[in-house]
Ligand SMILES: [Fe+2]
Ligand SMILES: [Fe+2]
């Protein structure tokens, strides 16, 4: 088990090494700055976004997808920004930048960066669903939290691919992707830190809102967070496990799918509510959302 100092050292090292890949595009940084500034208007955001046609079409695709319940109606970016809100547009821009980080091809038997991305997208859809059902008012934030929760694995992949392959092999996943050994313990031994540490450090480097550091750093142990900081991370913890109950692209870091009763308590989820979330998950799995595809 690495000491806290060793862990910090390893993580700093990795983030420095991969900084050439792990930078957010300038336009995303600008959008995040604008949206965080309370004086910004939809017009300011429109000016920046219009410089990026790919982002414009992605925003239109999202606003017109069934995900937002406004199929095929919105043709102008201005209206799309107003409909979605500045925060949602920021999240779309971040999600679009994240996709690039997940490129990286095969990691050996049964693992690829694409599978981790597909797992993250499914978890993101489930996070939004849980947030909707519980009326947490987190929607876009919950979706993005699902997308980034395992980003630490991507940091490991970019930092030292061979070590990640070694760690994944040591989990001895069965044909359904279930690991026989705990990935976090193996990562600690192989890297000197685990994907929670790496993910949290990347979110801090990107100056993401604190909530995303909590999600990446604590999604396997949300009850270790202070009570008032737990909600979003508990949503991700639950979504991660529920998503893995379906034939899943990636669950090497989920040694068990048991759901801690403390997390359900924290979210005030009854067994009836859990059942209705599971039922709704079936629809997501059948028709994966394309909001960040
Ligand atoms: Fe994880
Ligand atoms: Fe996950």
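Residue numbers (the working numbering): 1 to 293.
Glycine included, C-beta positions come from ideal geometry on N, C-alpha and C.
It should be emphasised that the depicted structure is a prediction, and the values quoted were computed from it without experimental measurement.
Buried/exposed call for residue 241, threshold 16 Cβ in 10 Å: buried
DSSP three-state assignment for residue 293, whether helix, strand or coil: Because the pLDDT of residue 293 is 40, which lies under 50, any placement of that residue in the model is unreliable, and the number read from its coordinates should be weighed accordingly. DSSP places residue 293 in coil when its eight states are reduced to three.
Rounded distance between the beta-carbons of residue 123 and residue 243, thought under 8 Å: 5 Å
Residues of its chain near residue 88, where Cβ-Cβ distance is below 6 Å and the 5 sequence neighbours each way are ignored: 140
Buried versus exposed, by CB contacts within 10 Å (16 or more), residue 115: buried
C-beta atoms of residue 45 and residue 59 nearer than 8 Å: no
Where residue 197 sits in the DSSP three-state scheme: helix
Residue 220 CB to nearest heavy atom of ligand 1 below 7 Å: yes
Residue 11 versus residue 198 - alpha carbon distance: 6 Å
Within 8 Å, strictly: CB atoms of residue 149 and residue 236: yes
Closest by C-alpha distance to residue 4, when choosing among 215, 103, 213 and 188: 188
CB contact check: residue 87 to chain C, cutoff 8 Å: Looking at the structure shown, chain C is missing, and only one protein chain is on hand.
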